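Asks: Sharing a structure with you now.
There are 2 protein chains.
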Amino acid sequence: MLSGSPTKYAVALFSGFQALDVFGPLDALNILSASTPLGLYILSTTLSPVSTIPVKDPIPGFIGQSVVPTHTYQDAPSDIEVLLVPGGQGTRDPELTQPVVDFIASSFPKLRYLLTVCTGSAVAARAGVLDGRNATSNKLAFDWVMSNGPNVNWIRHARWVQDGNIWTSSGVSAGIDMIYAFIADQYGQELADSIATISEYSRSTDPTNDPFSGPA
Amino acid sequence: MLSGSPTKYAVALFSGFQALDVFGPLDALNILSASTPLGLYILSTTLSPVSTIPVKDPIPGFIGQSVVPTHTYQDAPSDIEVLLVPGGQGTRDPELTQPVVDFIASSFPKLRYLLTVCTGSAVAARAGVLDGRNATSNKLAFDWVMSNGPNVNWIRHARWVQDGNIWTSSGVSAGIDMIYAFIADQYGQELADSIATISEYSRSTDPTNDPFSGPA
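Structure (C-alpha cells):
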C-alpha cells in the first residue's frame, strides 16, 4: 500500500439507487479490504433499510433489494475520506435526493475524494461541487444530467473522468472500471490487477474508451 | 416476452456471500423487471439482514454490506421458478451453508432453472444436483470446488456452462455475462442487448471465452 492511501469510505444511499452502481465498486473494495484494512460507512436519511425500488410511483412487478445503512447523513462520522455517490431512478426525484445534495455540499471540503457513478454526478452537480470541473455520466440520461449542472464541463465520450479529486463514471457498469482505476491510482496497479483477477473481471483501463456514447 | 418465460426468482443468501455474485445478476433482473414484471424472494436462515462478511473469523478491517431477506428457507414460497446461488467466503463453511444445500436439494425437483455464480456451484454440488452434469466455477478455487462434487463433470475453461436447466458461471463478474445469456435465452436477444446498453455493459456472449483459466 502506498503511504497516505485512503482507508475511510462512505456510500450515499437513497431510495431508488441502482444496485450495481453501489455493489460494482463496493465488491472490489470489499476484496481490497482483505489485504488493506478499510472502514465503510453506509449513509441514508434514516437507519431503515434502503431499497433499490424508488419510493414514489414504483412500477408494478419491479423487483429490488434493501441494504442496511450504518449511519444517517446527520450523524455521519467526520473522518470520511472517500464518498461514493451512486445513480439510479431515485436521482430523478429532487426532493428525495436533497439530503444527499446537502451532505455532499457540506462534506466535500473535508473529503479527499468524491466518486460518482451513473446519474450520481447529477446529484453531485446540484451540490455545486462539479462547477468548473470535467465530469461524465450515464449516456442515456446525459442531457437531463447536464441540466442539473450548467456550469460543469460535461464530457459525453468517456468511460470515466478524473478531474483532481473528483472521479465521475458513465452509466452503471462503468463504475466498476472507475473503481479499478481508482484502486490502481491509490493502492498500486498490481493490487488492482490482483483484485480484477480474483473477480475474473476484464477491466477497461482506458477512460476514453466508451463504446456507449457513439462516435467521439 | 416469449411465452412461458420464468417470472418468479429467488436468491439463496448466507453470511459471507460475495456481493457482486448477487448484485451483478440481480441488477440486470431489476432492469428487466421494469418491462417484464417479476417476483423476487430473498432467502436466508432467518429474516435478519445477511452480511457479505463471514460470521466466523472475519478479517479485521474487512468491510461489507448487509441485505434484508424476504423469506426464510423454511418458509420459502413454493412457486420459485429460478433459484440463484452465489459464491463467496461463506461457501467455505460447510455448517453455515448446510441450510442452503438442504434447500437446493429439496427445491430442485420443482425448479425450472438453477443458476450458480462462482463457488455457488460447490454448494449446489453438495446438494447432489450437479451429479452427471457439466458445470464450472471460480478459477482460483477450482480444485477445492471439484472436491465438493466428485461426480460432476467440471469444466475449467468456461465463462459459464449451461447443461439442461442448470447454469453455472465462473468467478464473481462471470455471473453478469451468464445472466445476460440467460435473459437472452428466456426473454430474447433484443431485450438482453437493451439491458446491457442501459447498464453500459460490454457483455461477453461466448461461454467458452474464458480469459482466466489459462490456455484451453
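Those sequence lines, one after another, are chains C and H. Taken in order, the first sequence gives residues 1 to 216; the numbers are from UniProt numbering. Taken in order, the second sequence gives residues 1 to 216; the numbers are from UniProt numbering. Every residue gets a Cβ at the ideal spot worked out from N, C-alpha and C, and that includes glycine. As the structure is a prediction and not an experimental result, all values here were calculated from the model.
1) If you measure from the beta carbon of Ile201(C) to each beta carbon in chain H, is any gap under 8 Å?
2) Taking DSSP as the reference, what is the three-state secondary structure of residue 221(C)?
3) Quick check on the burial criterion: 16 or more other C-beta atoms within 10 angstroms. Buried or exposed for Asn209(H)?
4) Assign Val22(C) to one of two classes, buried (16 or more other C-beta atoms within 10 Å of its C-beta) or exposed (fewer than that).
5) Alpha carbon to alpha carbon, what distance is there between Glu81(H) and Leu38(H)?
6) Confirm, please, whether the CB-CB distance from Val100(C) to Ala196(C) is below 8 Å.
7) Going by beta-carbon coordinates alone, are Val161(H) and Pro25(H) separated by less than 8 Å?
8) Say whether chain H places a C-beta atom closer than 8 Å to the C-beta of Val67(C).
9) What number of angstroms, rounded off, separates the C-alpha of Leu84(C) from the C-alpha of Leu29(H)?
10) Would Gln18(H) count as contacting chain C if we go by Cβ distances under 8 Å?
11) Can you tell me which of the three DSSP states Asn30(C) falls into?
12) Can you say whether Val172(H) is buried or exposed, counting buried as having 16 or more other CB atoms within 10 angstroms of its CB?
13) Which residues in chain C have a C-beta closer than 7 Å to the C-beta of Thr52(H)? List them in chain order.
14) Taking any Cβ of chain H, which residues in the stretch 80-97 of chain C have a Cβ under 8 Å from it, in chain order?
15) Within 10 angstroms of the Cβ of Asn151(H), are there 16 or more other Cβ atoms? Answer buried if so, exposed if not.
16) Taking all protein chains shown into account, decide if Leu47(C) is buried (16 or more other Cβ within 10 angstroms of its Cβ) or exposed.
17) Return the residues of the stretch 120-152 of chain C that lie within a Cβ-Cβ distance of less than 9 Å from chain H, sorted by chain order.
18) Determine the closest residue to residue 217(H) out of Ser66(C), Ala122(C), Gly61(C), with distance taken between C-alpha atoms.
19) Roughly how many angstroms lie between the CA atoms of Met1(H) and Ala192(H), to the nearest whole one?
20) So the candidates are Gly214(H), Ser194(H), Tyr180(H), Asp185(H); which of them puts its Cα closest to the Cα of residue 254(H)?
21) From Phe103(C), Phe17(C), Gln189(C), pick the residue whose C-alpha is nearest to that of Gln89(C); which is it?
22) Taking the DSSP output, what are the residues bridged to Gln18(C)?
Replies: According to the structure data:
1) As a position in the first sequence, residue 201(C) is number 201, starting the count at 1. In the sequence on display, residue 201(C) carries Tyr and not Ile. Yes - at least one Cβ of chain H is within 8 Å of the one on Tyr201(C).
2) Beyond the ends of chain C as shown, which are 1 and 216, falls residue 221(C); an answer cannot be given.
3) Locating residue 209(H) in the second sequence gives position 209, counting from the first residue. Result: exposed.
4) Here residue 22(C) refers to the residue found at position 22 when the first sequence is read from its first residue. The residue is buried, with at least 16 neighbouring Cβ atoms inside 10 Å.
5) Along the second sequence, one-based indexing puts residue 38(H) at 38. Along the second sequence, one-based indexing puts residue 81(H) at 81. Annotation: Leu38(H) to Glu81(H) spans about 11 Å, alpha carbon to alpha carbon.
6) By 1-based counting over the first sequence, the position of residue 196(C) is 196. By 1-based counting over the first sequence, the position of residue 100(C) is 100. With contacts defined as CB atoms closer than 8 Å, Ala196(C) and Val100(C) fail to qualify as a contacting pair.
7) Within the second sequence, the letter at position 161 stands for residue 161(H). Within the second sequence, the letter at position 25 stands for residue 25(H). Taking 8 Å as the Cβ cut-off, Val161(H) and Pro25(H) do not qualify as a contacting pair.
8) Locating residue 67(C) in the first sequence gives position 67, counting from the first residue. Closer than 8 Å to some Cβ of chain H, the Cβ of Val67(C) qualifies, so yes.
9) As a working note, residue 84(C) is residue 84 in the first sequence. As a working note, residue 29(H) is residue 29 in the second sequence. C-alpha separation (whole angstroms): 23 Å.
10) What you label residue 18(H) is simply residue 18 of the second sequence in a count that begins at 1. Against chain C, the CB of Gln18(H) has a partner CB under 8 Å away; the residue lies at that interface.
11) On the first sequence, residue 30(C) is found 30 positions in, with the first residue counted as 1. Helix at Asn30(C).
12) Start at 1 with the first residue of the second sequence, and residue 172(H) comes out as number 172. Buried, by the Cβ-count rule.
13) Within the second sequence, the letter at position 52 stands for residue 52(H). By Cβ distance, chain C contributes Asn30.
14) none
15) Walking along the second sequence from the start, residue 151(H) turns up at place 151. The residue is exposed, with fewer than 16 neighbouring Cβ atoms inside 10 Å.
16) Here the question's residue 47(C) lines up with position 47 in the first sequence. It is exposed - the Cβ of Leu47(C) has fewer than 16 other Cβ atoms within 10 Å.
17) Answer set for the stretch 120-152 of chain C: Asn138, Lys139, Leu140.
18) Residue 217(H) lies beyond the range of chain H shown here (1 to 216); nothing can be said about it.
19) Working through the second sequence from its first residue, we reach residue 1(H) at position 1. Working through the second sequence from its first residue, we reach residue 192(H) at position 192. With a pLDDT of 39 at Met1(H), under the threshold of 50, the predicted position of this residue should be treated as unreliable, and no value is reported.
20) The requested residue 254(H) is not part of the displayed model; chain H covers only 1 to 216.
21) In the first sequence, residue 89(C) corresponds to position 89, counting from 1. Taking each of Phe103(C), Phe17(C), Gln189(C) in turn and checking the Cα distance to Gln89(C), the smallest one comes out for Phe17(C).
22) Here residue 18(C) refers to the residue found at position 18 of the first sequence. Answer is none; Gln18(C) lacks a bridge partner.
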